[in-house]
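>
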Amino acid sequence: MLDGAARYGIKVINASVGNPARGLPRASGLTMLFDAETARVVAVLAADRISALRTAAVTLLAVRAFGAAHAREMAVVGAGELARAHLLLFAERLPRVERFHVFDLVRARAEALAGEFGDADVRVCDSAEQAVRAADVVVPVTTTTTGYIPYGWLRPGCVVVNVSLDDVLPDVVRRADRIVVDDWGLVAADGVRLLGRLAAGASWSARRTGRPPPTSAGWTRSWAPSSPGGRPGAAGRTRSSW
Numbered sequence: 000m001l002d003g004a005a006r007y008g009i010k011v012i013n014a015s016v017g018n019p020a021r022g023l024p025r026a027s028g029l030t031m032l033f034d035a036e037t038a039r040v041v042a043v044l045a046a047d048r049i050s051a052l053r054t055a056a057v058t059l060l061a062v063r064a065f066g067a068a069h070a071r072e073m074a075v076v077g078a079g080e081l082a083r084a085h086l087l088l089f090a091e092r093l094p095r096v097e098r099f100h101v102f103d104l105v106r107a108r109a110e111a112l113a114g115e116f117g118d119a120d121v122r123v124c125d126s127a128e129q130a131v132r133a134a135d136v137v138v139p140v141t142t143t144t145t146g147y148i149p150y151g152w153l154r155p156g157c158v159v160v161n162v163s164l165d166d167v168l169p170d171v172v173r174r175a176d177r178i179v180v181d182d183w184g185l186v187a188a189d190g191v192r193l194l195g196r197l198a199a200g201a202s203w204s205a206r207r208t209g210r211p212p213p214t215s216a217g218w219t220r221s222w223a224p225s226s227p228g229g230r231p232g233a234a235g236r237t238r239s240s241w
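Using numbering that gives the first Met the number 0, you'd call the opening residue of the sequence shown number 0 and step up by one each time.
And the structure:
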């Protein structure tokens, strides 16, 4: 809805993981808006920037809803357009975050990104582990399909917003205090991604227990806690949000 007028919209977005090596953004596409009554085209917009900001906005809402009161340090793993959108939005909308820790496999990309935020304390890290261990909020925005973040890297009470879906290792899921998703049925049915693989396995199960309270924006997500998967006390140390 825009200014009280009903609109229908559609986003068409494509991505190629090889684009950064070509000096191009990973993703590009179009967003189209249509009048709800006449079905006529209202606007055709470039989708990459809008999509990145929308993703970062969901992350911001998740952090506000699930334990952000203590957050002072944020890790962003990856230094592409999604990382840029997250730094921009968090620096503006969550001023309690005092420091950002950024890592990218190509250090020059992380340094270039940090240089765009001269007024913020953005520190380029030598490894993903260094960035994650320093943070109360961890946001992976990569293209990996292989997990690399173990539970042992995470601070007690850390909130992980796993934007790129496959960055954390299974022990993070098994020992998390809560797992927050938008559609558990859809997530559980995706056998390619980590949560779907775990849901299909015999060694782990999840039960849906309700919905968290809405934020001031009225946003809610369904959630299901993981099984303890080990020491009961450890399961409550880390919160993981999807």
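C-beta atoms are modelled at their ideal positions from N, C-alpha and C, and glycine is treated no differently.
Small disclaimer: the values here were computed from a predicted structure and weren't measured.
How about the segment 52-70 and the segment 23-41: do they share at least three Cβ pairs that are nearer than 8 Å?
With a cut-off of 8 Å, the segment 23-41 and the segment 52-70 do not count as touching, because too few Cβ pairs lie within range.
> According to DSSP, simplified to helix, strand and coil, what is Leu-29?
If DSSP states are grouped into helix, strand and coil, Leu-29 belongs with the strands.
> Classify Val-242 as helix, strand or coil using the three-state DSSP reduction.
No statement about residue 242 is possible, as the shown extent of the chain runs from 0 to 241 and does not include it.
> Go ahead and pull the three-state DSSP assignment for Ser-215.
At Ser-215, the pLDDT of 42 sits below 50, so the modelled position is not reliable; the number obtained from the coordinates is stated separately. Reduced to three states, the DSSP call for Ser-215 is coil.
> Count the other CB atoms, across all protein chains shown, that sit within 10 Å of the CB of Asp-118; report buried if there are 16 or more and exposed otherwise.
Per the 10 Å Cβ criterion, exposed.
> Rounded to whole angstroms, what's the CA-CA distance from Phe-33 to Arg-39? Just pull it up for me.
Roughly 5 Å between the two C-alpha positions.
> Whole angstroms are fine: how far does the CA of Val-57 sit from the CA of Ala-133?
If I take the Cα positions, the gap works out to 22 Å.
> I'd like the span of the beta strand (DSSP E) that includes Val-43, first residue to last.
It spans 40-45 - the beta strand (DSSP E) in which Val-43 sits, taken as one unbroken run.
> With respect to the beta strand (DSSP E) encompassing Pro-169, which residues constitute its N-terminal and C-terminal limits?
Segment 169-174 is the alpha helix (DSSP H) holding Pro-169; no beta strand (DSSP E) there.
> Using C-beta distances below 6 Å, list every residue in its chain close to Thr-144, excluding the 5 sequence neighbours before and after it, in chain order.
Excluding positions up to five away in sequence, the list reads Asp-165.
> What's the C-alpha gap between Ala-90 and Tyr-7?
When rounded, the distance between both Cα atoms is 31 Å.
> Can you find the residues in the same chain that come closer than 6 Å, C-beta to C-beta, to Ala-216, ignoring five residues on each side of it along the sequence?
Since pLDDT at Ala-216 reaches only 39, below the 50 mark, its modelled position is unreliable, and no value is offered.
> What are the partner residues of Tyr-150, as DSSP defines its beta bridges?
Tyr-150 is not bridged to any residue.
> Would you say Ala-70 and Val-76 are within 8 Å of each other, going by their C-beta atoms?
No, Cβ-Cβ distance for Ala-70 and Val-76 is not below 8 Å.
> Please determine, among Gly-22, Glu-36, His-85 and Leu-60, the residue with the shortest C-alpha to C-alpha distance to Arg-48.
The option with the nearest alpha carbon to Arg-48 is His-85.
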